[in-house]
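K.L.:
Under our numbering, the residues of the sequence shown are numbered 2 to 958, in order. Backbone N, C-alpha and C fix where the C-beta goes; we use that ideal spot for every residue, glycine too.
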Amino acid sequence: MQQKIYTYAGSILVAINPFKFLPIYNPKYVKMYENQQLGKLEPHVFALADVAYYAMLRKHVNQCIVISGESGSGKTQSTNFLIHCLTALSQKGYASGVERTILGAGPVLEAFGNAKTAHNNNSSRFGKFIQVNYLENGIVRGAVVEKYLLEKSRLVSQEKDERNYHVFYYLLLGVSEEERLEFQLKQPQDYFYLNQHNLNIEDGEDLKHDFERLQQAMEMVGFLPATKKQIFSVLSAILYLGNVTYKKRATGRDEGLEVGPPEVLDTLSQLLKVKRETLVEVLTKRKTVTVNDKLILPYSLSEAITARDSMAKSLYSALFDWIVLRINHALLNKKDMEEAVSCLSIGVLDIFGFEDFERNSFEQFCINYANEQLQYYFTQHIFKLEQEEYQGEGISWHNIDYTDNVGCIHLISKKPTGLFYLLDEESNFPHATSHTLLAKFKQQHEDNKYFLGTPVLEPAFIIQHFAGRVKYQIKDFREKNMDYMRPDIVALLRGSDSSYVRQLIGMDPVAVFRWAVLRAAIRAMAVLREAGRLRAERAEKAAAGISSPATRSHMEELPRGASTPSEKLYRDLHNQIIKSLKGLPWQGEDPRRLLQSLSLFQKPRTSFLKSKGIKQKQIIPKNLLDSKSLRLIISMTLHDRTTKSLLHLHKKKKPPSISAQFQTSLNKLLEALGKAEPFFIRCIRSNAEKKELCFDDELVLQQLRYTGMLETVRIRRSGYSAKYTFQDFTEQFQVLLPKDVQPCREAIAALLEKLQVDRQNYQIGKTKVFLKETERQTLQEKLHGEVLRRILQLQSWFRMVLERKHFVQMKHAALTIQACWRSYRVRRALERTQAAVYLQAAWRGYLQRQAYHHQRHSIIRLQSLCRGHLQRRSFSQMVSEKQKAEQAREAAGGKLSEGEPGPVAAGEQLSEHPVEDPESLGVEAETWMNKSPDGMSPKKETPSPEMETAAQKTVPA
Numbered sequence: 002m003q004q005k006i007y008t009y010a011g012s013i014l015v016a017i018n019p020f021k022f023l024p025i026y027n028p029k030y031v032k033m034y035e036n037q038q039l040g041k042l043e044p045h046v047f048a049l050a051d052v053a054y055y056a057m058l059r060k061h062v063n064q065c066i067v068i069s070g071e072s073g074s075g076k077t078q079s080t081n082f083l084i085h086c087l088t089a090l091s092q093k094g095y096a097s098g099v100e101r102t103i104l105g106a107g108p109v110l111e112a113f114g115n116a117k118t119a120h121n122n123n124s125s126r127f128g129k130f131i132q133v134n135y136l137e138n139g140i141v142r143g144a145v146v147e148k149y150l151l152e153k154s155r156l157v158s159q160e161k162d163e164r165n166y167h168v169f170y171y172l173l174l175g176v177s178e179e180e181r182l183e184f185q186l187k188q189p190q191d192y193f194y195l196n197q198h199n200l201n202i203e204d205g206e207d208l209k210h211d212f213e214r215l216q217q218a219m220e221m222v223g224f225l226p227a228t229k230k231q232i233f234s235v236l237s238a239i240l241y242l243g244n245v246t247y248k249k250r251a252t253g254r255d256e257g258l259e260v261g262p263p264e265v266l267d268t269l270s271q272l273l274k275v276k277r278e279t280l281v282e283v284l285t286k287r288k289t290v291t292v293n294d295k296l297i298l299p300y301s302l303s304e305a306i307t308a309r310d311s312m313a314k315s316l317y318s319a320l321f322d323w324i325v326l327r328i329n330h331a332l333l334n335k336k337d338m339e340e341a342v343s344c345l346s347i348g349v350l351d352i353f354g355f356e357d358f359e360r361n362s363f364e365q366f367c368i369n370y371a372n373e374q375l376q377y378y379f380t381q382h383i384f385k386l387e388q389e390e391y392q393g394e395g396i397s398w399h400n401i402d403y404t405d406n407v408g409c410i411h412l413i414s415k416k417p418t419g420l421f422y423l424l425d426e427e428s429n430f431p432h433a434t435s436h437t438l439l440a441k442f443k444q445q446h447e448d449n450k451y452f453l454g455t456p457v458l459e460p461a462f463i464i465q466h467f468a469g470r471v472k473y474q475i476k477d478f479r480e481k482n483m484d485y486m487r488p489d490i491v492a493l494l495r496g497s498d499s500s501y502v503r504q505l506i507g508m509d510p511v512a513v514f515r516w517a518v519l520r521a522a523i524r525a526m527a528v529l530r531e532a533g534r535l536r537a538e539r540a541e542k543a544a545a546g547i548s549s550p551a552t553r554s555h556m557e558e559l560p561r562g563a564s565t566p567s568e569k570l571y572r573d574l575h576n577q578i579i580k581s582l583k584g585l586p587w588q589g590e591d592p593r594r595l596l597q598s599l600s601l602f603q604k605p606r607t608s609f610l611k612s613k614g615i616k617q618k619q620i621i622p623k624n625l626l627d628s629k630s631l632r633l634i635i636s637m638t639l640h641d642r643t644t645k646s647l648l649h650l651h652k653k654k655k656p657p658s659i660s661a662q663f664q665t666s667l668n669k670l671l672e673a674l675g676k677a678e679p680f681f682i683r684c685i686r687s688n689a690e691k692k693e694l695c696f697d698d699e700l701v702l703q704q705l706r707y708t709g710m711l712e713t714v715r716i717r718r719s720g721y722s723a724k725y726t727f728q729d730f731t732e733q734f735q736v737l738l739p740k741d742v743q744p745c746r747e748a749i750a751a752l753l754e755k756l757q758v759d760r761q762n763y764q765i766g767k768t769k770v771f772l773k774e775t776e777r778q779t780l781q782e783k784l785h786g787e788v789l790r791r792i793l794q795l796q797s798w799f800r801m802v803l804e805r806k807h808f809v810q811m812k813h814a815a816l817t818i819q820a821c822w823r824s825y826r827v828r829r830a831l832e833r834t835q836a837a838v839y840l841q842a843a844w845r846g847y848l849q850r851q852a853y854h855h856q857r858h859s860i861i862r863l864q865s866l867c868r869g870h871l872q873r874r875s876f877s878q879m880v881s882e883k884q885k886a887e888q889a890r891e892a893a894g895g896k897l898s899e900g901e902p903g904p905v906a907a908g909e910q911l912s913e914h915p916v917e918d919p920e921s922l923g924v925e926a927e928t929w930m931n932k933s934p935d936g937m938s939p940k941k942e943t944p945s946p947e948m949e950t951a952a953q954k955t956v957p958a
């Protein structure tokens, strides 16, 4: 097989259930179909979700997707894929908590509201309408889940090859041993409600994994671990209710019943936290209130079993309502409570499919009526309204005949002889029976072609539905229509020690919420008053010299019990406040205003806590003060809550019947669908045996016939699936039209003529243009091509602008770089020239300094030589003179004594050291000056290598 399960009939998606998961739902497929025209890619459920999402953003109109088909056709799975795609489209790259909560709500509702049937292993036993709210930018803002008609009878009895709700099997086969002991759970075979037809768990079922998945989904929705334990405890109690047995008393005059087994009753009282004696009394006796007295009558065996099953059904229904309420509270956005905030929405309707079992009862009657209404809604939009629009616009059109089921709808719901109204009359009549009800049906509708009698005498009737004839057993119609919890059972559960059980059976969630706040406030005030009184007594005793044990805390001194002063004070305060509240208007009243009136008692409490150093704690949690959101949820969903009947228990007027509630919910649903643009998904069951990838031609053709798909294909082929007002057409295809064109017939006709659109495939009416799907796609392609051409032109212009800008920047940068480089070269050359001049000047200075130092040294040497010469000459003269003087003395003395040496001899001795000649001294000085200072021959000084290198570097190039 090609494994192609989707196709289109115009904009209607036809989906065939393959009974097998196909790998065509990965996130990449969501991306692939994003913002694509319908029909451009392969048919897919993601394509329809994408078209609805972008139509909502483009038109600013709410959208709805109606999924229909018989049981087992895959509606629930299609809903899950739609929700996944709608949340993925809105994430814009990230996931918020709202998307995760929406995705987590699906598995929770499936576990508590789906079951295995003969036609479907995951059949929805309730209807739901999920409205996903968006901001104007396409981001998910919140959601609301609306539920319709939970099949409560499945809880206590199932047909062959069918099972109870999934959650029981998940719980029993998925919990740990510790939890099994805590909730006192057994195996599924040990419960009467689960094992009426030889329970069979298939090998391929991984119920433990399903239980883990359920717990994860409950955490995503916001259920705390303590809340989950409370839910599982109630589920265990419901299962144990089915194990309660009755038998008639064998002895004594008492005509009552014996109820047992004792261990089951003990377990029930522990799980529900009620008194065992009261539980036994409720299960065996009925209280009837007369004008002057209260009668207690024993049940018969059948009545006792009915009362037991009624208690189980009502408890489970209340639990399901509470779960839906909590899910809505988790999905609610604070902005939803502000009327000024505008929002868009996409609604997804997943309602029970058409059913025809071997034995059809009241549930199938209501389910098939809902399908009749959806079929009427479908034919109205596809056939009647469209053909009326053609006639009103004055275009050429031949009407196509279609099957109108309005007669069947009138048979069931038209006043005053509709079957629902006759059923309500008989339900309110004390002595009516199923036979009288059937007789009234036949009497009123004997000539109605949609109502048929049975061939043989049996308590049943036949209705000709759009999908075929269905025979309904009249048994239990009246009982199921008035199936609400008896007052004594309500009183039993309201007296439970478990606050959760009391909350489930609360008359009104808002009233229960307010009463809890008021009761907590009264009890807190009573305790604080008693604490103040004890403090005053302690002060008096201390003043009198009487000491009290220091080890006990102040709170330990507060006595407890019904007879204690604090409890008496609590009752007194309670009575006083209740009397004062009788005249208060409760509608729209915020509990915080009530608490503000009790602020007188807050001052002593504050001073007491401050004086004793006790840490102050908030008495009322903040989340309990949010009654506004709770009222909003109740106003949106209460019309179908089964526990709505509890609101009327204290009134004389009887509660509305199940059929009346169901009609109200359907009318509200159809009203919501009428305000949105619809998209349709027709789900088809491929075979009756639930085989994978098996196509039963006859069964598929039968479904296509009775759902009107053949006529739908005809009207889609011959009709005009696309229609625009002149204004919308001009705005949609403005790119193809001339500039400043007016939205008129002539301009549109000229455009279509210019584009060579086939005249047989379009018509222009009085105010609208009608196009066949092929021509619409052709116009869209031309529009896309023209837009693409202009985009390319704009892109080329932008690229040119960017390139020119880049070129100008590059040119400017090049000129700047060149100027900087030339400036650098000039500065470099100037620096080199300056360096060369500096080196030359330094070299010349060096040479001059060297010459100067040499001359100076020579002069100093010469001066020293001259001074030495002069000193030596002066010394020589002095010596010569001295010698001459001595010679003179000697000469004078020689005359006196002969033979002694005279001055001449001495002078001769001096002559051995002749005096230097001045000329020789001049020559010597000249020779010395031509020598270096160190006595070496003079050399020409050369610069050092470092100086030569520096000089070379400074020479300009």
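Tell me which residue opens and which closes the alpha helix (DSSP H) that Tyr26 is part of.
P.N.:
As a position in the sequence shown, residue 26 is number 25, starting the count at 1. Neither: Tyr26 is in no alpha helix (DSSP H) and is coded neither H nor E.
K.L.:
If we call anything under 8 Å between Cβ atoms a contact, is Leu438 one with Ser660?
P.N.:
Counted from its first residue, the sequence shown places residue 438 at position 437. Counted from its first residue, the sequence shown places residue 660 at position 659. Not in contact: Leu438 and Ser660 (Cβ atoms no closer than 8 Å).
K.L.:
Under 8 Å, with one C-beta from each stretch per pair, do the stretch 52-72 and the stretch 348-356 reach the 3-pair mark?
P.N.:
Yes, the stretch 52-72 touches the stretch 348-356.
K.L.:
Please report how far the alpha carbon of Lys148 lies from the alpha carbon of Ser177, in whole angstroms.
P.N.:
Along the sequence shown, one-based indexing puts residue 148 at 147. Along the sequence shown, one-based indexing puts residue 177 at 176. C-alpha separation (whole angstroms): 32 Å.
K.L.:
Among all the DSSP beta bridges, which residues are the ones paired with Asn449?
P.N.:
By 1-based counting over the sequence shown, the position of residue 449 is 448. DSSP lists no partner for Asn449.
K.L.:
Contact defined as beta carbons within less than 8 Å: I believe Asp477 pairs with Phe363. What is the distance between those atoms, to the nearest angstrom?
P.N.:
Taking the first residue of the sequence shown as position 1, residue 477 is located at position 476. Taking the first residue of the sequence shown as position 1, residue 363 is located at position 362. Between Phe363 and Asp477 the Cβ distance is about 7 Å, and since that is below 8 Å, they are a contact.
K.L.:
Taking all protein chains shown into account, do 16 or more other C-beta atoms lie within 10 angstroms of the C-beta of His210, making it buried, or fewer, making it exposed?
P.N.:
Translated into positions along the sequence shown, residue 210 becomes position 209. Counting Cβ neighbours within 10 Å, His210 comes out exposed, since fewer than 16 surround it.
K.L.:
Would you call the stretch 138-157 and the stretch 279-298 touching, i.e. three or more CB-CB distances under 8 Å?
P.N.:
Touching, no.
K.L.:
Pull up the distance between the alpha-carbon of Gly408 and that of Asp207, whole angstroms please.
P.N.:
Here the question's residue 408 lines up with position 407 in the sequence shown. Here the question's residue 207 lines up with position 206 in the sequence shown. Going from the Cα of Gly408 to the Cα of Asp207 covers about 47 Å.
K.L.:
Can you tell me which of the three DSSP states Gln465 falls into?
P.N.:
To locate residue 465, count along the sequence shown from 1; it is residue 464. Strand, per DSSP.
K.L.:
Among the residues of its own chain, which have a CB less than 6 Å from the CB of Asp489, if the five just before and after it don't count?
P.N.:
Walking along the sequence shown from the start, residue 489 turns up at place 488. Contacts found: Val283 and Lys288.
K.L.:
According to the neighbour-count rule (16 or more other Cβ atoms, all chains shown, within 10 Å of its Cβ), is Arg845 buried or exposed?
P.N.:
What you label residue 845 is simply residue 844 of the sequence shown in a count that begins at 1. The residue is exposed, with fewer than 16 neighbouring Cβ atoms inside 10 Å.
K.L.:
Please classify Tyr501: does DSSP put it in a helix, a strand, or coil?
P.N.:
Locating residue 501 in the sequence shown gives position 500, counting from the first residue. Helix.
K.L.:
Provide the residue span of the beta strand (DSSP E) that contains Ala16, from first to last.
P.N.:
Within the sequence shown, residue 16 is the residue found at index 15, counting from 1. From DSSP, the beta strand (DSSP E) with Ala16 extends over Ile13 to Asn18.
K.L.:
Quick check on Gly354: does DSSP put it in helix, strand or coil?
P.N.:
Your numbering for residue 354 matches position 353 in the sequence shown. In this structure, Gly354 counts as coil in the three-state DSSP scheme.
K.L.:
Does the beta-carbon of Leu302 have 16 or more other beta-carbons within 10 angstroms, so that it is buried, or is it exposed?
P.N.:
Here the question's residue 302 lines up with position 301 in the sequence shown. Answer is exposed; the Cβ neighbour count stays below 16.
K.L.:
Cβ of Ala227 within 8 Å of Cβ of His167?
P.N.:
Here residue 227 refers to the residue found at position 226 when the sequence shown is read from its first residue. Here residue 167 refers to the residue found at position 166 when the sequence shown is read from its first residue. Not closer than 8 Å, so no.
K.L.:
What residue from Thr775, Lys806 and Ala820 has the CA that sits closest to Gln38's CA?
P.N.:
Within the sequence shown, the letter at position 37 stands for residue 38. Of Thr775, Lys806 and Ala820, the residue nearest in Cα terms is Thr775.
K.L.:
Going by other Cβ atoms of all chains shown within 10 Å of its Cβ, with 16 needed for buried, is Gly105 buried or exposed?
P.N.:
If you number the sequence shown from 1, residue 105 lands on position 104. It counts as buried.
K.L.:
Use the C-beta contact count for Ile6: other C-beta atoms within 10 angstroms, 16 or more gives buried, fewer gives exposed.
P.N.:
Indexing the sequence shown from 1 puts residue 6 at position 5. The residue is buried, with at least 16 neighbouring Cβ atoms inside 10 Å.
K.L.:
Are the Cβ atoms of Gln188 and Leu173 separated by less than 8 Å?
P.N.:
Here the question's residue 188 lines up with position 187 in the sequence shown. Here the question's residue 173 lines up with position 172 in the sequence shown. A contact, by the Cβ cut-off of 8 Å.
K.L.:
Of the choices Gly257, Leu772, Leu225 and Gln504, whose alpha-carbon is the least far from that of Ser397?
P.N.:
Position 396 of the sequence shown, counted from the start, is the residue given in the question as residue 397. Checked all of Gly257, Leu772, Leu225 and Gln504; the closest Cα to Ser397 is Leu772.
K.L.:
Taking just the CA atoms, how far does Glu180 sit from Arg683?
P.N.:
As a position in the sequence shown, residue 683 is number 682, starting the count at 1. As a position in the sequence shown, residue 180 is number 179, starting the count at 1. Spanning the two alpha carbons is a distance of roughly 43 Å.
K.L.:
Go to Gly895, then tell me how far its alpha helix (DSSP H) extends in each direction, as first and last residue.
P.N.:
Counting from 1 along the sequence shown, the entry for residue 895 is found at position 894. Taken as a continuous stretch (DSSP letters only), the alpha helix (DSSP H) holding Gly895 covers Glu774 to Gly895.
K.L.:
DSSP on Tyr149, reduced to helix/strand/coil?
P.N.:
For this step, residue 149 is matched to residue 148 along the sequence shown. Note: Tyr149 maps to strand in three-state DSSP.
K.L.:
Distance check for Tyr9 and Val15, CA to CA, integer angstroms please.
P.N.:
Numbered from its first residue, the sequence shown carries residue 15 at position 14. Numbered from its first residue, the sequence shown carries residue 9 at position 8. Approximately 6 Å between the Cα atoms of the pair.
K.L.:
Would you mind sorting Lys21 into buried or exposed? The rule is 16 or more other CB atoms within 10 Å of its CB.
P.N.:
Against the sequence shown, residue 21 aligns to sequence position 20. Exposed.
K.L.:
Let me know if Asn18 comes out buried or exposed under the rule of 16 or more other beta-carbons within 10 Å of its beta-carbon.
P.N.:
For this step, residue 18 is matched to residue 17 along the sequence shown. Answer is buried; the Cβ neighbour count reaches 16.
K.L.:
Just the C-alpha distance for Ile615 and Ser158, rounded to the nearest angstrom, thanks.
P.N.:
For this step, residue 615 is matched to residue 614 along the sequence shown. For this step, residue 158 is matched to residue 157 along the sequence shown. Its pLDDT being 38, under 50, Ile615 is placed unreliably by the model, and the measurement read from it follows with that caveat. So the two alpha carbons sit approximately 56 Å from each other.
K.L.:
For the beta strand (DSSP E) containing Lys1, list its first residue and its last residue.
P.N.:
No information on residue 1 is available, as it lies outside the stretch 2 to 958 that the chain covers here.
K.L.:
Hey, which unbroken runs of the alpha helix (DSSP H) at 4 residues or more fall wholly within the stretch 293-331?
P.N.:
Here no run is fully enclosed.
K.L.:
Does Ala723 come out as helix, strand or coil in the three-state DSSP assignment?
P.N.:
Residue numbering aside, residue 723 sits at position 722 when the sequence shown is read from its first letter. Ala723: strand per DSSP, three-state reduction.
K.L.:
Looking at Leu737 and Glu782, is the spacing between their C-beta atoms short of 8 Å?
P.N.:
Walking along the sequence shown from the start, residue 782 turns up at place 781. Walking along the sequence shown from the start, residue 737 turns up at place 736. No, they are not a contact pair.
K.L.:
Which residues in the same chain as Ile1 place their Cβ atom closer than 6 Å to its Cβ, once the five residues preceding and following it in sequence are excluded?
P.N.:
The question about residue 1 has no answer, for the chain in this structure spans 2 to 958.
K.L.:
What whole-angstrom Cβ distance do Asn165 and Leu195 have, given they're in contact under 8 Å?
P.N.:
Position 164 of the sequence shown, counting from 1, holds the residue named residue 165. Position 194 of the sequence shown, counting from 1, holds the residue named residue 195. Confirmed, Cβ separation roughly 5 Å.
K.L.:
By alpha-carbon positions, which one of Gly70, Arg777, Val245 and Ser881 ends up nearest to Arg717?
P.N.:
To locate residue 717, count along the sequence shown from 1; it is residue 716. Ranking the options by Cα distance to Arg717, first place goes to Arg777.
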